[in-house]
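Engineer: Have a look at this one.
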Amino acid sequence: MLDGWVCAFLLVLSWSVEVIDASAGDADPRYRGCITQCQETGCIGQRCFPNCKFSSDGEFIDRPWYMQQEPLYLQWKKWDCQGDCRYYCMLDREKERESHNLGPVKYHGKWPFRRIYGMQEPASVAFSALNLAMHFHGWVSFFILIHYKLPLKDGKKAYYEYAGLWHMYGLLSLNSWFWSAVFHSRDVDLTEKLDYSSAVVLLGYSLILAILRTFSIRDEATRVMVAAPLIAFVTTHVMYINFYLLDYGWNMIVCVVMAVAQLSMWAVWAGVSNHPSRWKLWLVVIAGGLAMLLEIYDFPPHQGLFDAHALWHATTIPLTYIWWSFIRDDAEFRTSNLLKKAK
Ligand SMILES: [Zn+2]
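Residue numbers (mature numbering (1 follows the signal peptide of the UniProt record, and there is no 0)): -22 to -1, 1 to 321.
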């Protein structure tokens, strides 16, 4: 369910990315002048960047077409150069603004963050990593509960019918938070696509999971029938944003529909079912919704580190804990029900 909120965040993010070139900071002619000079000479004033020297330019012209693809290390060099130029031009501009008593402005859709160990948004990276750790803890404790604490059918198979589905959910969550941490460390085309794709996959998968669990679909054939069209759609969408066009507006619609669908399903189910842990569902929906206000009230980073988005990532850490605890409760609840019936 948290992924509903993850996606809602992506909306806000994509929204700000859409207006990327219209951010106040990078529209400033002095900032633009600094960038042009930096990329041409590789230097800003006395400070020079080794990655801005492209000695191999033009080297690809004589090669056959299939070898004209730039090697990855060169791409990284260019990304590094662009990143360094943008960062140091931004720092210079922000210093100037501060001396005129002006507040911070956004550059390329992002607030001016202070780099730590080369990470662009260190706080968001740290909180993404903690979310990752929380999912890992949740998933491992779920695994131990299922396989070592609860009774097993014929001594080997879990009674809980959704165990395999939640294992997959755990893996996809780990993957998604991993790429979120990478994306916040270095925002380039490749990391952006990996982050967006992982989030869409996780979101699509958790929608399938929400349908299967809330409608108690246990029959294998019905599960396939429900999942197949959604898997086909998500696959097409991921291919579309990666290989054709990363259309932020369209991606936003896809995310909203999938997020709203699963959130309302869990909420309605929490309302009508007599699940002993339904309050945990409510808590995650409501707290997640409140935390979303942070994304809407998008304030600049305190000390160049903690902005609204980073704090929002921080709030999902305890929510992830509650969410996995709900999943564990569900496993115990279903198992004890099934054992009662079997007697
Ligand atoms: Zn983020």
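All residues carry an ideal CB built from backbone N, CA and C; glycine is no exception.
Alpha carbon to alpha carbon, how far is Phe120 from Leu130?
Structural biologist: Counted from its first residue, the sequence shown places residue 120 at position 142. Counted from its first residue, the sequence shown places residue 130 at position 152. If I take the Cα positions, the gap works out to 14 Å.
Engineer: Does the beta-carbon of Asp167 have 16 or more other beta-carbons within 10 angstroms, so that it is buried, or is it exposed?
Structural biologist: Position 189 of the sequence shown holds residue 167. That one is exposed.
Engineer: Quick one: is Gln281 buried, meaning 16 or more other Cβ sit within 10 Å of its Cβ, or exposed?
Structural biologist: On the sequence shown, position 303 is the one that residue 281 refers to. With fewer than 16 other Cβ atoms inside 10 Å of its own Cβ, Gln281 counts as exposed.
Engineer: Taking just the CA atoms, how far does Phe156 sit from Glu170?
Structural biologist: Position 192 of the sequence shown, counted from the first residue, corresponds to residue 170. Position 178 of the sequence shown, counted from the first residue, corresponds to residue 156. The alpha-carbon separation between Glu170 and Phe156 amounts to approximately 12 Å.
Engineer: When you compare the CB positions of Phe91 and Gln98, do they come within less than 7 Å of one another, or not?
Structural biologist: Residue numbering aside, residue 91 sits at position 113 when the sequence shown is read from its first letter. Residue numbering aside, residue 98 sits at position 120 when the sequence shown is read from its first letter. It is a contact, given that the beta carbons lie within the stated cut-off.
Engineer: Determine the DSSP secondary structure at Lys88, reduced to helix, strand or coil.
Structural biologist: As a first step, residue 88 must be located in the sequence shown, where it is residue number 110. The answer is strand: DSSP assigns Lys88 an E or B state.
Engineer: From the DSSP output, in three-state form, read off Ile195 for me.
Structural biologist: Counting from one through the sequence shown, the residue named residue 195 turns up at place 217. If DSSP states are grouped into helix, strand and coil, Ile195 belongs with coil.
Engineer: Just to confirm, does Ser102 get its C-beta within under 6 Å of one of the non-hydrogen atoms of ligand 1?
Structural biologist: Numbered from 1 along the sequence shown, position 124 holds the residue referred to as residue 102. Checking the Cβ of Ser102 against ligand 1 gives yes.
Engineer: Arg191: which of Ser175, Gly227, Ala141 and Asp225 sits nearest, CA to CA?
Structural biologist: In the sequence shown, counting from the first residue as 1, residue 191 sits at position 213. The candidate whose alpha carbon is nearest that of Arg191 is Ala141.
Engineer: Have a look at Leu271 and Ala320 and give me their C-alpha separation to the nearest angstrom.
Structural biologist: For the purposes of this step, residue 271 is taken as the residue at position 293 of the sequence shown. For the purposes of this step, residue 320 is taken as the residue at position 342 of the sequence shown. Roughly 47 Å between the two C-alpha positions.
Engineer: What is the DSSP secondary structure of His115, reduced to helix, strand or coil?
Structural biologist: Sequence index remark: in the sequence shown, residue 115 carries index 137 (1-based). Helix at His115.
Engineer: Closer than 8 Å by C-beta to Gly81: which residues in its own chain qualify, once you throw out the five before and the five after it? Chain order, please.
Structural biologist: As a first step, residue 81 is located in the sequence shown; it is residue number 103 there, counting from the start. Answer for Gly81: Arg75 and Pro278, listed in chain order.
Engineer: Exposed or buried, what is Phe221 when buried is set at 16 or more other beta-carbons lying within 10 Å of its beta-carbon?
Structural biologist: In the sequence shown, residue 221 corresponds to position 243, counting from 1. Looking at its Cβ environment, which holds fewer than 16 other Cβ atoms inside 10 Å, Phe221 is exposed.
Engineer: Hey, how far is the Cα of Ser303 from the Cα of Glu139?
Structural biologist: Indexing the sequence shown from 1 puts residue 303 at position 325. Indexing the sequence shown from 1 puts residue 139 at position 161. So the two alpha carbons sit approximately 17 Å from each other.
Engineer: Exposed or buried, Gly36, counting other C-beta atoms within 10 Å across all chains shown (16 or more means buried)?
Structural biologist: Translated into positions along the sequence shown, residue 36 becomes position 58. No answer about Gly36 holds up, because its pLDDT of 46 lies below 50 and its placement is not dependable.
Engineer: Which residue spans inside the stretch 230 to 277 form an unbroken alpha helix (DSSP H) run of at least 4?
Structural biologist: Qualifying alpha helix (DSSP H) stretches, in chain order: 256 to 274.
Engineer: Rounded C-beta distance between Cys233 and Val160? I'm assuming under 8 Å.
Structural biologist: Numbered from its first residue, the sequence shown carries residue 233 at position 255. Numbered from its first residue, the sequence shown carries residue 160 at position 182. Wrong, their Cβ atoms sit about 20 Å apart, outside the cutoff.
Engineer: Go ahead and label Lys318 buried or exposed: buried means 16 or more other beta carbons lie within 10 angstroms of its beta carbon, across all protein chains shown.
Structural biologist: Counting from 1 along the sequence shown, the entry for residue 318 is found at position 340. Exposed.
Engineer: Do you know offhand how far Met68's Cα is from Asp4's?
Structural biologist: Here the question's residue 68 lines up with position 90 in the sequence shown. Here the question's residue 4 lines up with position 26 in the sequence shown. Their backbone Cα atoms lie some 8 Å apart in a straight line.
Engineer: Rounded to whole angstroms, what is the Cα-Cα separation between Cys12 and Asp62?
Structural biologist: Taking the first residue of the sequence shown as position 1, residue 12 is located at position 34. Taking the first residue of the sequence shown as position 1, residue 62 is located at position 84. Near 12 Å, if we compare the C-alpha coordinates of Asp62 and Cys12.
Engineer: Measure how close the beta-carbons of Thr313 and Leu128 come, nearest whole angstrom, since I'm counting them as under 8 Å.
Structural biologist: The count along the sequence shown starts at 1 and reaches residue 313 at position 335. The count along the sequence shown starts at 1 and reaches residue 128 at position 150. About 5 Å separates the two Cβ atoms, so the contact holds.
Engineer: On the three-state DSSP scale, how would you describe Phe211?
Structural biologist: Locating residue 211 in the sequence shown gives position 233, where the first residue counts as 1. In the structure shown, Phe211 sits in a helix (DSSP, three-state: H, G or I).
Engineer: Is Ser1 near Gly87, with beta carbons less than 7 Å apart?
Structural biologist: Taking the first residue of the sequence shown as 1, we reach residue 1 at position 23. Taking the first residue of the sequence shown as 1, we reach residue 87 at position 109. Cβ distance < 7 Å, so Ser1 and Gly87 count as in contact.
Engineer: Go to Cys67, then tell me how far its alpha helix (DSSP H) extends in each direction, as first and last residue.
Structural biologist: Reading the sequence shown from its first residue, position 89 is the one you call residue 67. Leu50 to Ser77 is the extent of the alpha helix (DSSP H) around Cys67.
Engineer: Out of curiosity, what's the CA-to-CA distance linking Lys134 and Ile122?
Structural biologist: Taking the sequence shown and counting its residues from 1, the one referred to as residue 134 is at position 156. Taking the sequence shown and counting its residues from 1, the one referred to as residue 122 is at position 144. Between the C-alpha atoms of Lys134 and Ile122 there is a straight-line separation of about 13 Å.
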